[in-house]
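Chemist:
Protein chains: 2
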Amino acid sequence: MEPHFSSVLFERAVDELSRLPGVGRKTALRLVLHILRMDMNSVDAMANALVRLRHEVKYCKVCHNISDSDVCGICGDSKRDTSIVCVVENIQDVMAIEATMQYNGLYHVLGGVISPMDGVGPSDLQIQSLVDRVSEGGVKEVILALSSTMEGDTTNFYISRKLKTFTETVKLTVLARGLSVNDELQYTDEATLGRSIVNRVPFA
Amino acid sequence: MEPHFSSVLFERAVDELSRLPGVGRKTALRLVLHILRMDMNSVDAMANALVRLRHEVKYCKVCHNISDSDVCGICGDSKRDTSIVCVVENIQDVMAIEATMQYNGLYHVLGGVISPMDGVGPSDLQIQSLVDRVSEGGVKEVILALSSTMEGDTTNFYISRKLKTFTETVKLTVLARGLSVNDELQYTDEATLGRSIVNRVPFA
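Chains A and B, in that order, are what the protein sequence lines are.
Position 171 (the first sequence) corresponds to 171 in this note's numbering; numbering is contiguous.
Position 93 (the second sequence) corresponds to 1093 in this note's numbering; numbering is contiguous.
#1: Taking the Cβ atom as the reference point for each residue, do cysteine 1086 of chain B and alanine 1028 of chain B lie within a distance shorter than 7 Å?
#2: Below 8 Å, can you find three or more Cβ-Cβ pairs linking the segment 1004 to 1021 of chain B to the segment 30 to 45 of chain A?
#3: Output the boundary residues of the beta strand (DSSP E) element that contains valine 1043 of chain B.
#4: Pull the bridge partners of isoleucine 66 of chain A from the DSSP assignment, please.
#5: Between lysine 1140 of chain B and the rest of its own chain, which residues show a CB-CB distance below 6 Å, the 5 nearest in sequence each way excluded?
#6: Against chain B, does aspartate 68 of chain A count as a neighbour if the rule is that its beta carbon must be under 7 Å from one of theirs?
#7: Our contact map puts valine 1088 of chain B next to leucine 1110 of chain B with C-beta atoms below 8 Å; I'd like the distance itself, whole angstroms only.
#8: Beta-carbon of proline 1202 of chain B versus every beta-carbon of chain A: anything under 7 Å?
#9: Does DSSP put glutamate 190 of chain A in a helix, a strand or coil?
#10: Using a 10 Å radius around the Cβ and a threshold of 16 neighbouring Cβ atoms, would you call serine 1007 of chain B buried or exposed?
#11: Interface residues of chain A around cysteine 1072 of chain B at Cβ under 9 Å?
#12: For a contact meaning CB atoms closer than 7 Å, what does alanine 1047 of chain B contact in chain E?
#13: Could you give the distance in angstroms between the alpha-carbon of lysine 61 of chain A and the alpha-carbon of glutamate 136 of chain A?
#14: Would you grab the beta carbon distance between leucine 1172 of chain B and leucine 1163 of chain B for me? Rounded to a whole angstrom, and I think it's under 8 Å.
#15: My output table needs one value for proline 1003 of chain B: the three-state DSSP class, helix, strand or coil.
#16: Is the number of C-beta pairs between the segment 42 to 58 of chain A and the segment 1048 to 1060 of chain B that are closer than 8 Å three or more?
#17: Applying a beta-carbon distance threshold of less than 7 Å, which residues of chain A neighbour histidine 1034 of chain B?
#18: In the DSSP assignment, find the alpha helix (DSSP H) that holds threonine 173 of chain A and state where it starts and stops.
#19: Return the bridge partner residues of valine 1081 of chain B from the DSSP annotation.
#20: Drop a sphere of 10 angstroms on the beta-carbon of histidine 1064 of chain B, count the other beta-carbons inside from all chains shown, and report buried for 16 or more, exposed for fewer.
#21: Please confirm if asparagine 1065 of chain B has its CB atom under 7 Å from at least one CB of chain A.
#22: Is there a Cβ of chain A sitting closer than 7 Å to that of methionine 1117 of chain B, yes or no?
#23: Cβ closer than 7 Å: which chain A residues qualify as neighbours of aspartate 1081 of chain B?
#24: According to DSSP, what are the bridge partners of isoleucine 143 of chain A?
#25: On the DSSP bridge list, what partners appear for valine 1120 of chain B?
#26: With 16 as the cutoff for other CB atoms within 10 Å, does threonine 1167 of chain B come out buried or exposed?
#27: Using 7 Å as the threshold, is the C-beta distance between valine 142 of chain A and valine 174 of chain A below it?
#28: So aspartate 1044 of chain B contacts chain A; which residues on that side make the cut at Cβ distance below 7 Å?
#29: State the Cα-Cα distance for the pair phenylalanine 1157 of chain B and valine 1134 of chain B, rounded to the nearest angstrom.
#30: For cysteine 1072 of chain B, which of B/Ala1096, B/His1108, B/Gln1102 and B/Asp1153 has the nearest alpha-carbon?
#31: Starting from arginine 133 of chain A, find everything on chain B with Cβ-Cβ shorter than 7 Å and list it in chain order.
#32: Rounded to whole angstroms, what's the CA-CA distance from aspartate 189 of chain A to proline 116 of chain A? Just pull it up for me.
#33: In chain order, what residues of the same chain have a beta carbon less than 7 Å from the beta carbon of isoleucine 1091 of chain B, not counting five sequence neighbours either side?
#34: Compute the distance between the beta-carbons of cysteine 75 of chain A and leucine 125 of chain A, then report whether it is under 7 Å.
#35: Counting only the same chain and skipping the five closest in sequence on each side, list residues whose C-beta sits under 8 Å from that of glycine 1121 of chain B.
#36: Going by DSSP, what residue range makes up the alpha helix (DSSP H) through leucine 179 of chain A?
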């Protein structure tokens, strides 16, 4: 049941919003009705924020994270430890790790993982720029923080080979695998539980 | 857990989108990540549609429905029956009735219903303009298509009293109450079932 509109402006706004992922016609209609009642300045500010985001956002030339300038706020922060580089798949992963407030090093955003099924090869990712970055010196540790999937493992393996020449100066680490915080032992899958036994650590 | 952003532009876009109803931070983040990957022209078109909607949309001076000009497409359509006016609460109701494709008359959008609890009185609604419209002549039927709630009934009663002087020339009707299409008899509430028996119609 498609509603008929008496306003082309209204219809166009609904059409545009329903192009967003997870926004159907009904949701778009509800949003448009809300926008109609919003303060004019607020609507302008929202539209402006979206246009500026798309036109002005940059990617950091060091780590390829989103940035407002050529070098992002993390790479440009003098308080951060520039000797550790954490390799992640995308910018959401940077946000997730930043949210833990447990990491004070830098990042390197690959832009994906190697996935022959999806036609993504090493040259489609920021792997060469990672190698260049490490070869410039100053990096003591590279943390491979990719997803625990076959594609993630493949990418880890590829990167580890690419960084083989630096093994004497650069430590290569991966995220710990084990029980999630609050996980009950009996409901944990075998692979995870197995890894958590093998990689057990001294009781603090 | 609030993600930290390396871009103010990014953060502002997330903030703006999370002001929309039903859009939390996580949804806004997902939308912004999508917008970043969208074609630049599409983002401009979307932003432009929202700005133009808010700045340029008008309300029809006859029926108060949304419109791109002074008189809406429904009131200006010469194929529609101008002798019937359907009184509704809001523009969504116009869309709902239009979607049935069972009505060819005009509308009158009240902009709400009388609700003393919410501080909405008759003067806050487009009731006087309805009376003016009827008194200009040409209207043979006014359909009261308000919600079947206490506020709707109160508003129906108020309007019927206001239109009392026209009872000889203007027929006042309300929407039929009864079983919903596909409703099973045993699960229908008593009030609805009772009305559907009292208001039974000849078997077609």
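Cβ coordinates follow ideal geometry from the N, Cα and C atoms, glycine included.
Modeler: On the basis of the coordinates in this document:
#1: The answer is no: Cβ separation not under 7 Å.
#2: As far as the Cβ criterion goes, the segment 1004 to 1021 of chain B touches the segment 30 to 45 of chain A, which means the pair count is three or higher.
#3: Counting along the chain, valine 1043 of chain B falls outside any beta strand (DSSP E), though it belongs to the alpha helix (DSSP H) covering 1040 to 1056.
#4: BP columns for isoleucine 66 of chain A point to A/Tyr59.
#5: Beyond the five residues adjoining it in sequence on each side, lysine 1140 of chain B comes within less than 6 Å, by CB distance, of Ser1083 in the same chain, given in chain order.
#6: With 7 Å as the cut-off, aspartate 68 of chain A counts as an interface residue toward chain B.
#7: Correct: roughly 7 Å between the Cβ atoms.
#8: False, the Cβ-Cβ gap to chain A never drops below 7 Å.
#9: If DSSP states are grouped into helix, strand and coil, glutamate 190 of chain A belongs with the helices.
#10: Around the Cβ of serine 1007 of chain B, a 10 Å sphere holds 16 or more other Cβ atoms; the residue is buried.
#11: Per Cβ cutoff of 9 Å: Ser6 and Ser7.
#12: The structure shown has no chain E; the protein chains it does contain are A and B.
#13: Lysine 61 of chain A and glutamate 136 of chain A: Cα-Cα distance of roughly 15 Å.
#14: Contact flag correct, Cβ pair sits at about 6 Å.
#15: Low local confidence applies: a pLDDT of 48 at proline 1003 of chain B is under 50, so the model's placement there is unreliable, and no value is given.
#16: Because the criterion of three Cβ pairs below 8 Å is met, the segment 42 to 58 of chain A and the segment 1048 to 1060 of chain B touch.
#17: Those are Leu20 and Pro21, listed as they occur along chain A.
#18: Run containing threonine 173 of chain A: none in the alpha helix (DSSP H); it sits in the beta strand (DSSP E), 171 to 174.
#19: Reading off the sequence shown, one finds aspartate at residue 1081 of chain B, where the question assumed valine. B/Gly1105, per the DSSP bridge assignment.
#20: Note on histidine 1064 of chain B: 16 or more other CB atoms within 10 angstroms of its CB, so buried under the neighbour-count rule.
#21: Chain A, which has a Cβ nearer than 7 Å to the Cβ of asparagine 1065 of chain B, makes this yes.
#22: Not an interface residue.
#23: Ordered by position in chain A, no residue passes the 7 Å Cβ test against aspartate 1081 of chain B, which lies about 16 Å from the chain.
#24: Isoleucine 143 of chain A is bridged to A/Cys86 and A/Thr173.
#25: DSSP lists B/Ser1115 as partners of valine 1120 of chain B.
#26: Threonine 1167 of chain B comes out exposed.
#27: No, they are not a contact pair.
#28: Using a Cβ-Cβ cut-off of 7 Å, aspartate 1044 of chain B is close to Val51 of chain A, given in chain order.
#29: CA-to-CA, the gap between phenylalanine 1157 of chain B and valine 1134 of chain B works out to about 17 Å.
#30: Here the closest residue by C-alpha is B/His1108.
#31: Near arginine 133 of chain A there are no residues of chain B at all, since even the closest Cβ is about 17 Å away, more than 7 Å.
#32: Rounded to whole angstroms, aspartate 189 of chain A to proline 116 of chain A spans 27 Å at the Cα level.
#33: Hits under 7 Å: Asn1065, Ile1066 and Val1109.
#34: Taking 7 Å as the cut-off, the beta carbon of cysteine 75 of chain A is found no closer than this to the beta carbon of leucine 125 of chain A.
#35: Counting only Cβ-Cβ distances below 8 Å, and skipping sequence neighbours, we find Ile1114.
#36: Unbroken run through leucine 179 of chain A: none, as it is neither H nor E.
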